[in-house]
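Enquirer: Numbering (UniProt numbering), first residue to last: 1 to 278. C-beta atoms are modelled at their ideal positions from N, C-alpha and C, and glycine is treated no differently. Got a structure for you, questions after.
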Amino acid sequence: MSTAELERFSINQMTVKQLSMPELVEACGESGVRNVGLWREPVQTYGLEATAKLVRDAGLTVTTLCRGGFFTAIDPAERAQALADNRRAIDEAATLGTDTLVLVSGGLPAGSKDLHGARERIADALAELGPYAERHGVRLAIEPLHPMYASDRCVVSTLAQALDLAERFPAHQVGVTVDTYHIWWDDTAPAQIARAGAGGRIHTFQLADWTTPLPQGVLTGRGQIGDGSIDMREWQGYVEAAGYTGAIEVELFNDVLWARDGREVLAETAARFVEHTL
């Protein structure tokens, strides 16, 4: 693979979470990968400033930081805690040099069946966090998750719902994450991608494939690209027709991949990216 073929490829840290931060950076160098999406927990384990220096010295671009969000709590103390944590996440993104914080908005609070109320609490949180993010040069990217996660993880299930929230705020504050794994089933999604592009709200584009049967708990069911049902070129075509020219991140939660050598998984993922997007 040439450097040009991998120019837009970004490896999300979760895809190879078995690698330590230094191992990830070293493996990127070995594979010719120049972009990486980071997660807060391993960044905090290695140290925020140490991580920032490590990726900077390696010449890596941090495409996104995952994740902020979880805004749907009803209890005032819990909501205040969530807002404070998201401000820290924004600070971390700025320190790492990325302009995009991915948001997983949160599920229904225990005992609640009020989807509308939960989504309105997301809007309330964005109203507070958007200006703070702007002051730090960071954009908030609402990620709609597949409807199977609506109760426990994310009450925002479609790009239309994500854009209905994002469009209440300036595009340089709040936009969306387009992730193939979560939206490939939705025949309205291409039109919503065009809508997002017209408003300058596609803040990141992520790939993962849909393979069945899903594992117990479903969280680790994201397939290696090319192994499942999703036409990656088709979805890449939609986002590029909408004006997106940024990095394309591969984010996989997969126990089988995590059990393998991380360097091999990274090299395989880069090769699959070239095969299924170029």
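#1: Between G221 and the rest of its own chain, which residues show a CB-CB distance below 6 Å, the 5 nearest in sequence each way excluded?
#2: Whose C-alpha, out of L266, A80, A150 and D164, is nearest the C-alpha of L129?
#3: Taking 8 Å as the cut-off, decide whether the C-beta atoms of S10 and A247 are in contact.
#4: Please state the DSSP three-state secondary structure of H172.
#5: Can you tell me whether G175 is buried or exposed, with buried defined as 16 or more other CB within 10 angstroms of its CB?
#6: Hey, could you find the ends of the beta strand (DSSP E) H203 is sitting in?
#7: Hey, how far is the Cα of A270 from the Cα of S2?
#8: Output the distance between the C-alpha atoms of T177 and E249, rounded to the nearest integer angstrom.
#9: So if DSSP puts E249 in a beta bridge, which residue, or which two residues, is it bridged to?
#10: What three-state label does DSSP hand I122 in the structure shown?
#11: Could you check whether the segment 18-35 touches the segment 225-245, counting it as contact only if at least three pairs of C-beta atoms, one from each stretch, sit closer than 8 Å?
#12: Under the three-state reduction of DSSP, which class applies to I142: helix, strand or coil?
#13: Please determine, among Y149, C154 and A125, the residue with the shortest C-alpha to C-alpha distance to L140.
#14: Let's see if you can read the secondary structure: which residues bound the beta strand (DSSP E) around N35?
#15: How about E41 and L65: do their beta carbons lie closer than 8 Å?
#16: What are the residues that DSSP puts in a beta bridge with T64?
#17: In its own chain, which residues sit with a C-beta less than 6 Å from the C-beta of G97, not counting the 5 before and 5 after it?
#18: Give the straight-line distance between the Cα atoms of residue 279 and E5, rounded to the nearest whole angstrom.
#19: If you count every other CB in all the chains shown that lies within 10 Å of the CB of W184, and 16 or more means buried, which is it?
#20: Please return the same chain residues whose Cβ sits closer than 7 Å to the Cβ of P109, not counting the five positions on each side in sequence.
#21: Could you give the DSSP three-state label for D57: helix, strand or coil?
#22: Using a Cβ-Cβ cut-off of 8 Å (strictly less than) and excluding sequence neighbours within five positions of E49, which residues of its own chain qualify?
Expert: With the structure as the only source:
#1: L214 and P215
#2: A80
#3: yes
#4: coil
#5: buried
#6: I202 to L207
#7: 11 Å
#8: 11 Å
#9: S10 and Q206
#10: helix
#11: no
#12: strand
#13: A125
#14: N35 to W39
#15: no
#16: G37
#17: V62
#18: With the chain running from 1 to 278 in the structure shown, residue 279 is simply not present.
#19: buried
#20: T72, A73 and I74
#21: helix
#22: T95
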